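Numbering (the working numbering), first residue to last: -9 to 311.
Note that the Cβ used here is the ideal one computed from N, Cα and C, for glycine as well.
Source: prediction; values computed, not measured.
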């Protein structure tokens, strides 16, 4: 029995177990691929590709993300390209928009279907780095025989989702390798770089979406989430990244109902990083104004009464002028 046949048998065996999907995310993805999408793990047909016109349209729709992402893709490729890896950027539906790979590896990636215009959605390719990352909205590593299709089991894929300025999923960042000596330990290292780069893209994309707003960044060690708020001159929240929305109990996607930033900062269950950032900003303004609250308020671009309220909440004293 060939390796492809053994892989097909394993997929069928795992997905037929009644409790497998509940115990394993991989098994759940295989089950979706088999039952929901109606795919055959032994299918030989190559990866589906959209037309050049359709690709151009998708690139136009994702232009803002692509402009922000381009230098980040270059930097990531500089780190992983020498090991035979390629860096791919997709849209929210798993269609590859951009690729970084060495000239010597171009034909290999083309043969694997890892090229602009290729559809790597889970509905098309079953369990794979890009498609499963998008389907589950989380970072994933799909190593070799964890892929659904037997023809994809030579690859290792490390992926992280990219969320837009309104919390919506807008794409995925992927590093793929078809090297036979690719180890799971090396995959973990690459996956960390992919997650960090995806968050950088998300952060820069958010800043670009609110060019005139003041951007407040939380102190967080969580590389999975970009924690930013966009605030206008009246201290009203204009936008929030997905991570900040989750932390402050805001709607997961879409426009945010206007509310004072101080209402969020004062929540005891919010990240301490926001309160630290606000305290530091107020103290700096007071220091520059030699403790004069009126002058500090003018420098901060807010009213004196607003600044007094913040100072009271933060426990900061100042001259009553």
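Rounded to a whole number of angstroms, what is the C-alpha to C-alpha distance between residue i and residue j?
| i | j | result |
| --- | --- | --- |
| residue 299 | residue 285 | 15 Å |
| residue 120 | residue 235 | 24 Å |
| residue 200 | residue 277 | 29 Å |
| residue 260 | residue 16 | Reliability fails at residue 260, whose pLDDT of 47 lies under 50, so the model's placement of it is uncertain and the value that follows must be treated cautiously. Looking at the two C-alpha atoms, the distance is approximately 33 Å. |
| residue 92 | residue 9 | 43 Å |
| residue 258 | residue 85 | Since pLDDT at residue 258 reaches only 48, below the 50 mark, its modelled position is unreliable, and the value read off the structure follows with that caveat. So the alpha carbons of these two residues sit roughly 42 Å apart. |
| residue 197 | residue 137 | 36 Å |
| residue 46 | residue 172 | 33 Å |
| residue 395 | residue 112 | In this structure the chain extends from -9 to 311, so residue 395 is not present and cannot be described. |
| residue 150 | residue 248 | 30 Å |
| residue 288 | residue 48 | 45 Å |
| residue 186 | residue 108 | 25 Å |
| residue 250 | residue 225 | 6 Å |
| residue 12 | residue 115 | 22 Å |
| residue 216 | residue 4 | 36 Å |
| residue 72 | residue 182 | 17 Å |
| residue 148 | residue 24 | 22 Å |
| residue 281 | residue 246 | 35 Å |
| residue 254 | residue 270 | 17 Å |
| residue 95 | residue 37 | 18 Å |
| residue 302 | residue 134 | 58 Å |
| residue 101 | residue 155 | 35 Å |
| residue 132 | residue 34 | 20 Å |
| residue 144 | residue 66 | 22 Å |
| residue 75 | residue 291 | 48 Å |
| residue 51 | residue 159 | 14 Å |
| residue 206 | residue 223 | 13 Å |
| residue 231 | residue -8 | 48 Å |
| residue 221 | residue 267 | 13 Å |
| residue -6 | residue 190 | 38 Å |
| residue 274 | residue 233 | 27 Å |
| residue 307 | residue 243 | 38 Å |
| residue 163 | residue 6 | 32 Å |
| residue 304 | residue 272 | 9 Å |
| residue 99 | residue 170 | 14 Å |
| residue 21 | residue 42 | 32 Å |
Locate the beta strand (DSSP E) running through residue i, then write down its first and last residues.
| i | result |
| --- | --- |
| residue 75 | No beta strand (DSSP E) holds residue 75; DSSP gives it neither H nor E. |
| residue 133 | 130 to 133 |
In three-state terms, what does DSSP make of residue i?
| i | result |
| --- | --- |
| residue 151 | strand |
| residue 118 | coil |
| residue 3 | helix |
| residue -5 | helix |
| residue 258 | A caution first: residue 258 carries a pLDDT of 48, below 50, which makes its placement in the model too unreliable to give a value. |
| residue 219 | strand |
| residue 202 | coil |
| residue 276 | helix |
| residue 109 | strand |
| residue 241 | coil |
| residue 226 | strand |
Got a sec, what are the start and stop residues for the alpha helix (DSSP H) residue i sits in?
| i | result |
| --- | --- |
| residue 90 | No alpha helix (DSSP H) holds residue 90; the beta strand (DSSP E) holding it covers 86 to 90. |
| residue 237 | 232 to 238 |
| residue 302 | 294 to 304 |
| residue 16 | 15 to 21 |
| residue 248 | Where residue 248 is concerned, there is no enclosing alpha helix (DSSP H), given that its DSSP letter is neither H nor E. |
| residue 290 | 283 to 290 |
| residue 101 | 96 to 102 |
Is the beta carbon of residue j closer than 8 Å to that of residue i?
| i | j | result |
| --- | --- | --- |
| residue -3 | residue 140 | yes |
| residue 61 | residue 88 | no |
| residue 58 | residue 195 | yes |
| residue 219 | residue 227 | yes |
| residue 153 | residue 192 | yes |
| residue 117 | residue 19 | yes |
| residue 229 | residue 55 | no |
Does any CB atom of chain C fall closer than 8 Å to the CB of residue i?
| i | result |
| --- | --- |
| residue 34 | Included in the structure is just one protein chain, with no chain C present. |
Practice prompt. Would you list, in sequence order, the uninterrupted beta strand (DSSP E) runs of no fewer than 3 residues that lie entirely inside the stretch 135 to 183?
Written response: 146 to 153, 159 to 167
Fill in: Complete runs of the beta strand (DSSP E) confined to the stretch 33 to 76 [at least 3 residues]
none
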